[in-house]
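Residue numbers (numbering that gives the first Met the number 0): 0 to 108. All C-beta atoms, glycine included, are put in the ideal place defined by N, C-alpha and C. Data block below; observations after.
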Amino acid sequence: MTMQMMMAGAALLSVTACATAPAPDVLANADYGSYPVNYLDVIAAYHEDTFKEPSSAQVKVLFEPRKSWTVWNYKKVFGYRTCVTVHAKNSFGGYTARSSRAYSSALVT
């Protein structure tokens, strides 16, 4: 168990070492796009093919969209990010455990 934790820590460190944060002036002048007023509709549309019964999905917003950045294909991408928990029915008709998910407007459109 300890060896697995050390390996996971080393992998995490090697990945985060490659992603340096943008300079403050870059963050201040970055193009984040327009605020996603319909972000709940975008999240629902994103999961239309994911859930067995999309209409059963119960989405709870943990925080409203905020300006954020991420690294995608070795490039910094700017947009808005939000976190939600999703609770939906499975194949047997019962509800699954709530799962936390993060969404970026730069990657989910």
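Same chain, Cβ closer than 6 Å to residue i, five either side skipped, listed in chain order
{"i": "S104", "result": "P35, G78 and Y79"}
Identified DSSP bridge partners for residue i
{"i": "G78", "result": "S67"}
{"i": "F91", "result": "DSSP, once it has assigned bridges, lists no residue as partnering F91."}
{"i": "V58", "result": "V85"}
{"i": "A101", "result": "C82"}
Per-residue burial, residue i [other beta carbons within 10 Å of its own, 16 or more giving buried]
{"i": "P23", "result": "exposed"}
{"i": "A87", "result": "buried"}
Same chain only: Cβ atoms within 8 Å of residue i, ignoring 5 sequence neighbours per side
{"i": "P21", "result": "A29, W68 and K75"}
{"i": "L61", "result": "T81, C82, V83, T84 and S99"}
{"i": "G93", "result": "none"}
For residue j and residue i, believed in contact at Cβ under 8 Å, the rounded distance
{"i": "R100", "j": "V85", "result": "6 Å"}
{"i": "Y38", "j": "T81", "result": "6 Å"}
{"i": "S98", "j": "K51", "result": "Wrong, their Cβ atoms sit about 14 Å apart, outside the cutoff."}
Own chain, CB closer than 7 Å to residue i, minus 5 neighbours either side, in chain order
{"i": "Y31", "result": "K66, F77, G78 and Y79"}
{"i": "I42", "result": "V58, V83 and Y102"}
{"i": "E63", "result": "T81"}
Any chain B beta carbon closer than 8 Å to residue i
{"i": "F50", "result": "Considering every chain present, this structure includes no chain B. It has just one protein chain."}
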